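*Asks:* Just so we're aligned: the sequence shown equals residues 388 to 567 in this note's numbering. We put the beta carbon where it would ideally sit given N, CA and C, even for glycine. What you are looking at is a predicted structure, and each value in this text was computed from that prediction instead of being measured. Okay, handing you the structure first.
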Amino acid sequence: MEHNLAHTISLLTRTPAALNALLRDLPEAWTYRNEGENTWSAFDVVGHLIHGERTDWMPRAKMVLQFGEAQPFEPFDRRGQERESQGKSLVQLLDEFARLRSENLGELQTLNLRKEDLARRGRHPALGVVTLSELLATWAAHDLTHLHQISRIMAHQYRETVGPWSAYLGVLQCAGHSSP
(Lines of atoms letter the chains of each structure in order from A and count residues from 1; the text may use other names and numbers.)
(Lines give C-alpha, C1' and ligand atoms only; values in the text may rest on other atoms or scores of the structure.)
Protein backbone atom coordinates (compact mmCIF):
# COMPACT_ATOMS: atom_id res chain seq x y z
CA MET A 1 0.00 0.00 0.00
CA GLU A 2 1.41 3.36 -1.00
CA HIS A 3 1.75 5.85 1.83
CA ASN A 4 -1.05 8.42 1.92
CA LEU A 5 -0.10 11.40 4.08
CA ALA A 6 -3.71 12.55 4.52
CA HIS A 7 -4.62 9.12 5.92
CA THR A 8 -1.62 9.19 8.24
CA ILE A 9 -2.59 12.62 9.57
CA SER A 10 -6.16 11.41 10.02
CA LEU A 11 -4.97 8.49 12.17
CA LEU A 12 -2.54 10.64 14.14
CA THR A 13 -5.27 13.19 14.83
CA ARG A 14 -7.49 10.55 16.45
CA THR A 15 -5.01 9.03 18.90
CA PRO A 16 -5.48 11.59 21.71
CA ALA A 17 -9.26 11.09 21.66
CA ALA A 18 -8.86 7.30 21.59
CA LEU A 19 -6.56 7.42 24.62
CA ASN A 20 -8.89 9.80 26.38
CA ALA A 21 -11.92 7.57 25.78
CA LEU A 22 -10.05 4.49 26.96
CA LEU A 23 -8.22 5.87 30.00
CA ARG A 24 -9.52 9.15 31.39
CA ASP A 25 -11.06 8.86 34.85
CA LEU A 26 -10.33 5.16 35.24
CA PRO A 27 -9.15 4.10 38.70
CA GLU A 28 -5.39 3.90 39.15
CA ALA A 29 -5.79 0.14 39.58
CA TRP A 30 -6.38 0.08 35.83
CA THR A 31 -3.93 2.67 34.62
CA TYR A 32 -0.89 1.92 36.78
CA ARG A 33 -0.87 -1.88 36.56
CA ASN A 34 1.30 -3.65 34.04
CA GLU A 35 1.70 -7.18 32.72
CA GLY A 36 4.58 -8.15 34.98
CA GLU A 37 8.24 -7.46 35.46
CA ASN A 38 9.86 -5.15 32.89
CA THR A 39 6.52 -4.19 31.29
CA TRP A 40 4.72 -0.90 31.06
CA SER A 41 1.42 0.32 32.45
CA ALA A 42 -1.03 2.44 30.46
CA PHE A 43 0.40 5.44 32.35
CA ASP A 44 3.89 4.53 31.12
CA VAL A 45 2.70 4.15 27.53
CA VAL A 46 1.10 7.61 27.50
CA GLY A 47 4.33 9.04 28.92
CA HIS A 48 6.27 7.27 26.17
CA LEU A 49 4.00 8.76 23.52
CA ILE A 50 4.61 12.23 24.97
CA HIS A 51 8.36 11.67 24.91
CA GLY A 52 8.07 10.70 21.24
CA GLU A 53 6.09 13.85 20.47
CA ARG A 54 8.88 15.93 21.99
CA THR A 55 11.98 14.16 20.74
CA ASP A 56 11.18 11.83 17.86
CA TRP A 57 8.67 12.39 15.09
CA MET A 58 8.74 16.08 14.19
CA PRO A 59 12.38 16.66 15.18
CA ARG A 60 13.37 13.79 12.89
CA ALA A 61 11.08 14.93 10.07
CA LYS A 62 12.71 18.36 10.20
CA MET A 63 16.15 16.75 10.21
CA VAL A 64 15.32 14.82 7.03
CA LEU A 65 14.21 18.03 5.33
CA GLN A 66 17.14 20.10 6.59
CA PHE A 67 20.08 17.68 6.56
CA GLY A 68 19.05 14.62 4.57
CA GLU A 69 21.39 11.72 5.23
CA ALA A 70 24.27 13.98 6.29
CA GLN A 71 23.29 14.11 9.96
CA PRO A 72 21.92 10.99 11.69
CA PHE A 73 18.94 11.24 14.03
CA GLU A 74 19.60 11.44 17.73
CA PRO A 75 19.01 8.03 19.34
CA PHE A 76 15.56 7.79 20.92
CA ASP A 77 15.43 7.16 24.67
CA ARG A 78 12.70 4.52 24.93
CA ARG A 79 12.52 5.04 28.67
CA GLY A 80 12.63 8.83 28.69
CA GLN A 81 9.11 8.95 30.10
CA GLU A 82 10.29 7.44 33.38
CA ARG A 83 11.81 10.75 34.47
CA GLU A 84 9.49 13.07 32.52
CA SER A 85 6.25 11.59 33.92
CA GLN A 86 7.31 11.71 37.56
CA GLY A 87 4.89 13.65 39.74
CA LYS A 88 2.22 13.91 37.04
CA SER A 89 -1.22 12.36 36.95
CA LEU A 90 -2.59 10.40 34.03
CA VAL A 91 -5.06 13.21 33.34
CA GLN A 92 -2.14 15.64 33.07
CA LEU A 93 -0.36 13.27 30.69
CA LEU A 94 -3.44 12.84 28.50
CA ASP A 95 -3.88 16.62 28.28
CA GLU A 96 -0.18 17.13 27.56
CA PHE A 97 -0.20 14.48 24.85
CA ALA A 98 -3.25 16.03 23.17
CA ARG A 99 -1.62 19.48 23.20
CA LEU A 100 1.73 18.25 21.85
CA ARG A 101 0.09 16.14 19.16
CA SER A 102 -2.03 19.08 18.02
CA GLU A 103 1.04 21.32 17.87
CA ASN A 104 3.05 18.71 15.97
CA LEU A 105 0.31 18.05 13.43
CA GLY A 106 -0.12 21.78 12.93
CA GLU A 107 3.60 22.07 12.30
CA LEU A 108 3.53 19.07 9.95
CA GLN A 109 0.75 20.62 7.90
CA THR A 110 2.60 23.94 7.61
CA LEU A 111 5.45 22.07 5.90
CA ASN A 112 3.17 21.60 2.85
CA LEU A 113 4.94 18.36 2.00
CA ARG A 114 4.99 17.28 -1.63
CA LYS A 115 5.55 13.79 -3.00
CA GLU A 116 9.22 14.54 -3.62
CA ASP A 117 9.61 15.68 0.01
CA LEU A 118 8.23 12.35 1.22
CA ALA A 119 10.93 10.56 -0.79
CA ARG A 120 13.73 12.50 0.92
CA ARG A 121 16.05 10.39 2.98
CA GLY A 122 17.47 10.65 6.45
CA ARG A 123 19.70 8.43 8.55
CA HIS A 124 18.44 6.47 11.54
CA PRO A 125 21.21 5.56 14.03
CA ALA A 126 20.27 1.85 14.03
CA LEU A 127 18.20 1.29 10.88
CA GLY A 128 20.28 3.28 8.41
CA VAL A 129 18.68 5.16 5.53
CA VAL A 130 14.94 5.86 5.88
CA THR A 131 12.58 8.08 3.93
CA LEU A 132 10.39 10.81 5.33
CA SER A 133 7.39 8.81 4.12
CA GLU A 134 8.56 5.79 6.14
CA LEU A 135 9.09 7.95 9.22
CA LEU A 136 5.59 9.43 9.02
CA ALA A 137 3.97 6.04 8.36
CA THR A 138 5.88 4.65 11.34
CA TRP A 139 4.52 7.47 13.51
CA ALA A 140 0.96 6.27 12.80
CA ALA A 141 1.83 2.57 13.15
CA HIS A 142 3.61 3.39 16.43
CA ASP A 143 0.38 4.93 17.76
CA LEU A 144 -1.56 1.83 16.75
CA THR A 145 1.06 -0.41 18.37
CA HIS A 146 0.65 1.39 21.67
CA LEU A 147 -3.15 1.49 21.50
CA HIS A 148 -2.98 -2.29 21.04
CA GLN A 149 -0.51 -2.52 23.92
CA ILE A 150 -2.80 -0.56 26.25
CA SER A 151 -5.74 -2.81 25.36
CA ARG A 152 -3.58 -5.86 26.05
CA ILE A 153 -2.36 -4.44 29.39
CA MET A 154 -5.91 -3.75 30.49
CA ALA A 155 -7.21 -7.15 29.37
CA HIS A 156 -4.35 -8.76 31.29
CA GLN A 157 -6.03 -7.60 34.48
CA TYR A 158 -8.89 -10.00 33.65
CA ARG A 159 -6.70 -12.99 32.78
CA GLU A 160 -7.80 -14.99 35.84
CA THR A 161 -11.34 -13.72 36.30
CA VAL A 162 -12.62 -14.69 32.83
CA GLY A 163 -12.19 -18.37 33.62
CA PRO A 164 -12.37 -20.78 30.68
CA TRP A 165 -13.34 -18.02 28.24
CA SER A 166 -9.68 -16.99 28.15
CA ALA A 167 -9.22 -19.58 25.39
CA TYR A 168 -11.49 -17.47 23.16
CA LEU A 169 -10.07 -14.06 24.01
CA GLY A 170 -7.26 -13.30 21.61
CA VAL A 171 -6.15 -10.26 23.58
CA LEU A 172 -5.30 -12.57 26.48
CA GLN A 173 -3.30 -14.88 24.21
CA CYS A 174 -1.34 -12.06 22.64
CA ALA A 175 2.20 -11.57 23.84
CA GLY A 176 3.92 -8.24 23.41
CA HIS A 177 5.53 -7.81 20.03
CA SER A 178 7.55 -4.75 20.86
CA SER A 179 9.95 -4.13 23.67
CA PRO A 180 9.11 -1.37 26.12
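How many angstroms separate the CA atom of E440 from the CA atom of H543?
*Replies:* Taking the sequence shown and counting its residues from 1, one reaches residue 440 at position 53. Taking the sequence shown and counting its residues from 1, one reaches residue 543 at position 156. If you take the alpha carbons of E440 and H543, they lie about 27 Å apart.
*Asks:* From H533 to H438, what does the alpha carbon distance come to, in whole angstroms?
*Replies:* To locate residue 533, count along the sequence shown from 1; it is residue 146. To locate residue 438, count along the sequence shown from 1; it is residue 51. Spanning the two alpha carbons is a distance of roughly 13 Å.
*Asks:* Smallest Cα separation from L436: which of Q536, L556, M541?
*Replies:* What you label residue 436 is simply residue 49 of the sequence shown in a count that begins at 1. Of the candidates Q536, L556, M541, the one whose C-alpha sits nearest the C-alpha of L436 is Q536.
*Asks:* Identify whether H511 lies in helix, strand or coil by the three-state DSSP scheme.
*Replies:* One-based indexing of the sequence shown puts residue 511 at position 124. Correct three-state label for H511: strand.
*Asks:* If you draw a straight line from the alpha carbon of G550 to that of L480, how long is it in whole angstroms?
*Replies:* Numbered from its first residue, the sequence shown carries residue 550 at position 163. Numbered from its first residue, the sequence shown carries residue 480 at position 93. Approximately 34 Å, taken between the alpha carbons.
*Asks:* Taking all protein chains shown into account, decide if N491 is buried (16 or more other Cβ within 10 angstroms of its Cβ) or exposed.
*Replies:* Reading the sequence shown from its first residue, position 104 is the one you call residue 491. With 16 or more other Cβ atoms within 10 Å, it is buried.
*Asks:* Provide the residue(s) that pair with V517 in DSSP beta bridges, ordered along the chain.
*Replies:* If you number the sequence shown from 1, residue 517 lands on position 130. V517 pairs with G509.
*Asks:* Here's the rule I'm using: 16 or more other beta-carbon atoms within 10 Å means buried, otherwise exposed. How should G474 be labelled?
*Replies:* The sequence position of residue 474 within the sequence shown is 87, counting from 1. The residue in question, G474, is exposed, as its Cβ has fewer than 16 Cβ neighbours within 10 Å.
*Asks:* Should P512 and F460 be called a contact, given that it needs their Cβ atoms to be closer than 7 Å?
*Replies:* Your numbering for residue 512 matches position 125 in the sequence shown. Your numbering for residue 460 matches position 73 in the sequence shown. Their beta carbons are under 7 Å apart, which means P512 touches F460 by this criterion.
*Asks:* In the DSSP assignment, find the alpha helix (DSSP H) that holds Q482 and state where it starts and stops.
*Replies:* As a first step, residue 482 must be located in the sequence shown, where it is residue number 95. The amino acid at residue 482 is misidentified as Gln; the sequence shows Asp. 477 to 497 is the extent of the alpha helix (DSSP H) around D482.
*Asks:* Report the three-state DSSP secondary structure of F454 (helix, strand or coil).
*Replies:* Stepping through the sequence shown from its first residue, residue 454 is reached at position 67. F454 falls in the helix class under three-state DSSP.
*Asks:* Use the C-beta contact count for A408: other C-beta atoms within 10 angstroms, 16 or more gives buried, fewer gives exposed.
*Replies:* Along the sequence shown, one-based indexing puts residue 408 at 21. So A408 ends up on the exposed side.
*Asks:* Do L531 and R546 count as a contact pair if the criterion is CB distance below 7 Å?
*Replies:* Reading the sequence shown from its first residue, position 159 is the one you call residue 546. Reading the sequence shown from its first residue, position 144 is the one you call residue 531. Not closer than 7 Å, so no.
*Asks:* Could you tell me the boundaries of the alpha helix (DSSP H) in which D464 lies?
*Replies:* For the purposes of this step, residue 464 is taken as residue 77 along the sequence shown, with counting starting at 1. Counting along the chain, D464 falls outside any alpha helix (DSSP H), and DSSP gives it neither H nor E.
*Asks:* By how many angstroms is the C-alpha of R465 removed from the C-alpha of D443?
*Replies:* Within the sequence shown, the letter at position 56 stands for residue 443. Within the sequence shown, the letter at position 78 stands for residue 465. Cα-Cα distance, rounded: 10 Å.
*Asks:* Kindly indicate which residue of F484, Q468, G434, M450 has the alpha-carbon position closest to the one of D504.
*Replies:* Taking the first residue of the sequence shown as position 1, residue 504 is located at position 117. Nearest of F484, Q468, G434, M450 to D504, Cα basis: M450.
*Asks:* Which first and last residues belong to the alpha helix (DSSP H) in which D431 is found?
*Replies:* Here residue 431 refers to the residue found at position 44 when the sequence shown is read from its first residue. Note, D431: alpha helix (DSSP H), 429 to 442.
*Asks:* If you compare alpha carbons, which of V478, R507, S489, L413 is closest to A457?
*Replies:* The residue given as residue 457 occupies position 70 in the sequence shown. Taking only the C-alpha atoms, the option nearest A457 is R507.
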